[in-house]
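J.:
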Amino acid sequence: MVDELVLAERLIGYETSQPDVLVAAAGFVKGWLESRAIEVREHDHNGFPVLVADVGATGPSAPCIVFHGHLDVVPGRAEQFAPRVEGDRLIGRGAYDMKGGLAAMMCALTDVSDQSQVRVRLVCVPDEESEELDERSTDAVVSAGLGGDFAITGEPTNMHIGIEAKGVLAMRIVVHGRSAHSSTPWLGDNAVLKAVDVFRAIESLPFSRESSEMFDRPSINLGRIAGGDALNKVPDRCEMAVDIRYLPGQDPGEILAQVRAISGIDVERTFIHPPVSVSRTNPYVSALRDAVSRATPDRITESVGRDGASDAASFIEAGIPAVEFGPAGGGHHGPDEWVSVASLQRYRQALGEFVRALPAQLAQTDGPAALRAIGGGRA
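The sequence shown begins at -6 in this note's numbering and counts up one residue at a time.
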């Protein structure tokens, strides 16, 4: 049997925050699958490869399950792309988000390739971590009819099932001030200092105090700030990037209206990524939860809300139930990112059990439970 740990180490070794290395890593994934007699279709999206591979059932009436993963990572130090194992931890950039999960998905795909009741489709994309894209490759895949009946995106969840995720409202805000000589700053209106005040005002707007069943509050982050063009001048312009992760049920248009009501600013660009909400009683979710419980009998599998957004929203917008489900670990996007080696094997096992048990479990239901996609869209 192929070792998911070895495969995860190989994937981590590719510095896929770099475009050329990302293409090379996709070539490795394609070659790895094809060497195991799994046909891979390669689609171009903005110059980057999107990989799609199907195994299992071929008939139109069979359920189709999507294993969705991404190869790209946020930038890291050079040493983070030299994976190392310490005890139960595989450490390296992307170990948890989500090359460990992708490796286990690839192995699980080979595990279920011999069954003929469920079609299993692996979709491997290059741009999940990208900023401010108007169309992601997952959108294009789903629009091309390569979705399915249920999608699992392997984002880090500590072996829980993410049935809700916050949406994204990203804004580029320009704050206006008044220039003056630096020796008499009281004659000007410092746009950089004013920008900090604007951000504090955003943190206290009415939407920021709302909560839901799975979330205490929205998330608000000041990601970038830049202003001033001379040391001896009071800056009259400051630009900042604000990332708001809003709750399912909140209206991003209303949030944007609250921000725009702050005086002295212009919101120059927005990017809206919708939240995710799937019923915990959906039969696919129930079947996945049962499979995870069998693979991890020593722990309780919970339905959870996810603070971060993911490509699950692309499936939801198309009416396809989708959840986040990934192995255990920690520190994603941080300096010591890691994934549990033991959980990689359990994750692989859970995916395989889910596929093999699914036909019998679907036969016991009257059909899919209600799917609810929360409004949003991209602007």
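Think of the CB as a built atom: it goes at the ideal place given N, C-alpha and C, for glycine as much as any other residue.
When the Cα atoms are used, what is the spatial distance from A173 to G93?
T.: Position 180 of the sequence shown holds residue 173. Position 100 of the sequence shown holds residue 93. Rounded to whole angstroms, A173 to G93 spans 54 Å at the Cα level.
J.: Quick check on this structure: which residue in D236, G345, A305 has the alpha carbon closest to the alpha carbon of A97?
T.: If you number the sequence shown from 1, residue 97 lands on position 104. Cα-wise, what sits closest to A97 is G345.
J.: Sort out for me which residues DSSP pairs M164 with in a bridge.
T.: Numbered from 1 along the sequence shown, position 171 holds the residue referred to as residue 164. In the DSSP output, where bridge partners are listed per residue, M164 has V235, T263.
J.: So, with DSSP's three-state summary, where would you put K159?
T.: Start at 1 with the first residue of the sequence shown, and residue 159 comes out as number 166. K159: coil per DSSP, three-state reduction.
J.: Determine contact between the segment 190 to 198 and the segment 121 to 141, defined as no fewer than three beta-carbon pairs at a distance below 8 Å.
T.: The segment 190 to 198 is not in contact with the segment 121 to 141.
J.: Confirm, please, whether the CB-CB distance from G216 to M233 is below 9 Å.
T.: Locating residue 233 in the sequence shown gives position 240, counting from the first residue. Locating residue 216 in the sequence shown gives position 223, counting from the first residue. Yes, these two residues count as a Cβ contact at 9 Å.
J.: Identify which residue in R287, A321, G327 has its Cα closest to the Cα of R349.
T.: Against the sequence shown, residue 349 aligns to sequence position 356. Minimum Cα distance to R349 is reached at R287.
J.: For A18 and E247, what's the separation of their Cα atoms in angstroms?
T.: Looking up residue 18 in the sequence shown gives position 25. Looking up residue 247 in the sequence shown gives position 254. Distance between the alpha carbons of A18 and E247 is about 41 Å.
J.: With the cut-off set at 9 Å, would you say I154 and R282 are in Cβ contact?
T.: If you number the sequence shown from 1, residue 154 lands on position 161. If you number the sequence shown from 1, residue 282 lands on position 289. Yes. Within cutoff.
J.: Can you name the start and end residues of the alpha helix (DSSP H) that A46 belongs to?
T.: Translated into the one-based positions of the sequence shown, residue 46 becomes position 53. Segment 41 to 49 is the beta strand (DSSP E) holding A46; no alpha helix (DSSP H) there.
J.: Using a Cβ distance threshold of 8 Å, determine whether the segment 80 to 95 contacts the segment 318 to 328, with at least three qualifying pairs required.
T.: Touching, yes.
J.: Beta-carbon within less than 8 Å of P178's beta-carbon, same chain only, minus the 5 sequence neighbours each way: which residues are those?
T.: Mapped onto the sequence shown, residue 178 falls at position 185. Only V227 meet the Cβ criterion.
J.: DSSP puts R202 in a beta bridge; with which residues?
T.: To locate residue 202, count along the sequence shown from 1; it is residue 209. The partner list for R202 (beta bridge, DSSP) is empty, contrary to what the question assumes.
J.: Sorted by chain position, which residues of the same chain lie with C-beta nearer than 6 Å to E122's C-beta, five sequence neighbours on each side aside?
T.: For this step, residue 122 is matched to residue 129 along the sequence shown. D65, V67, listed in sequence order.
J.: Which whole-angstrom value describes the C-beta separation of V168 and C117, a residue pair presumed to lie in contact below a C-beta threshold of 8 Å?
T.: As a first step, residue 168 must be located in the sequence shown, where it is residue number 175. As a first step, residue 117 must be located in the sequence shown, where it is residue number 124. Not a contact, Cβ separation roughly 40 Å.
J.: Starting from I248, trace the beta strand (DSSP E) in both directions and tell me its first and last residue.
T.: Counting from 1 along the sequence shown, the entry for residue 248 is found at position 255. Looking at the DSSP string, I248 is not in any beta strand (DSSP E); the run it does join, the alpha helix (DSSP H), is 245 to 253.
J.: Quick check on E157 - is its C-beta less than 9 Å from some C-beta in chain B?
T.: Here there is only one protein chain, and chain B is not present.
J.: Suppose contacts are defined by Cβ-Cβ distances below 9 Å. Is G141 in contact with I58 by that definition?
T.: Taking the first residue of the sequence shown as 1, we reach residue 141 at position 148. Taking the first residue of the sequence shown as 1, we reach residue 58 at position 65. Contact: yes.
J.: Give the DSSP-derived three-state secondary structure of R70 in the structure shown.
T.: Reading the sequence shown from its first residue, position 77 is the one you call residue 70. Coil, per DSSP.
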